Amino acid sequence: MRIVVQEWERVLVYRDGRFEEVLGAGAHRRTRWRRRRVRVAVRPRMLVVPTQEVLTADGLSVKVSLAVSCRTVDARRWHEAVDDSDGHLYAALQLALREAVAARSLETLLSDRRTVPDEIREAATAAAAAVGIGIETLALRDVMVPAELRRAAAEVVTARAQGQAALERARSEVAAARALANAAKMVAEQPGLLQLRTLQAIEAGGATVVLGGPGLAEVGGPLR
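Residue 145 is where the sequence shown starts when you use this note's numbering, and the numbers rise one by one after that.
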């Protein structure tokens, strides 16, 4: 018989129920007598772990989902190792996802989200290899937090921003008070500085200077 194998598949040949060989892409000729063929697709495929509700390390409930791109790297092992190789990998990914989330607090999970896929991949690689599957890419699709937790997080962020603004205002007021105190000290130590500053203001124009002293009436108004 003539067997044509496509680029995206491999053909397993069994004789009397025993494995004989793997046929790669191309045309092959084998006798039909006492032989059976099994076609196995080896092109990449997407495996999705749908939304899972998991408790974080601090006891908060989150919903997470996972998307995995994988492919069959060992056609014989994929066919022979277990009854459902993709289902076996799915269960391993589901367990690894739950363990990774349960080991983190909600804040750590959200801030350190990029490291979670690497941890899941490391945990599931051995299970995948055992059934002839290689994991190519793995990513968290969603991390959904309950509405009440989102509102609480928004309030915390707002409170932090308001506290930071209040701190900056306090710092500005302290700096201004220190500047005034330093200026008063300098004037007390060197009275001539006040006269010098007065002359500078007059020279700049637009200033109002009030002169007072014994026997003098106060005079106000812009100086020309």
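Don't be surprised by glycine CBs; every beta carbon is placed ideally from N, CA and C. Since the model is a prediction, treat every value here as computed from it, not as a measurement.
Residue nearest to Gln238 in terms of C-alpha spacing, selected from Arg265, Arg178, Thr259, Leu253: Arg265
Backbone secondary structure at Ser209 - three-state DSSP: Note: Ser209 maps to strand in three-state DSSP.
C-beta contact flag for Leu233 and Val260 at 9 Å: no
Close-in-space but distant-in-sequence residues of the same chain around Leu360 (CB under 7 Å, 5 per side omitted): Because the pLDDT of Leu360 is 43, which lies under 50, any placement of that residue in the model is unreliable, and the number read from its coordinates should be weighed accordingly. Cβ within range, chain order: n/a, list empty.
Range covered by the alpha helix (DSSP H) that runs through Thr269: 259-274
Distance, Gly278 Cα to Arg162 Cα: 25 Å
Residues bridged to Arg162 [DSSP beta-bridge criterion]: Note: Arg162 is bridge-paired with Arg159 in the DSSP secondary-structure output.
CA nearest to the CA of His172, picked from Arg242, Val155, Arg178, Pro188: Val155
Trp222, buried or exposed, once every other Cβ within 10 Å from all chains shown has been counted against 16: buried
Arg146 to Gly168 span [Cα, whole Å]: 13 Å
Touching by the beta-carbon criterion (3+ pairs, under 8 Å), the stretch 243-257 and the stretch 313-320: no
Assumed close pair Thr200, Arg242 - CB separation to whole angstroms, cut-off 8 Å: 11 Å between Cβ atoms; not a contact.
Span separating the alpha-carbon of Asp202 from that of Glu317: 40 Å
Secondary structure of Gln196, DSSP reduced to three states: strand
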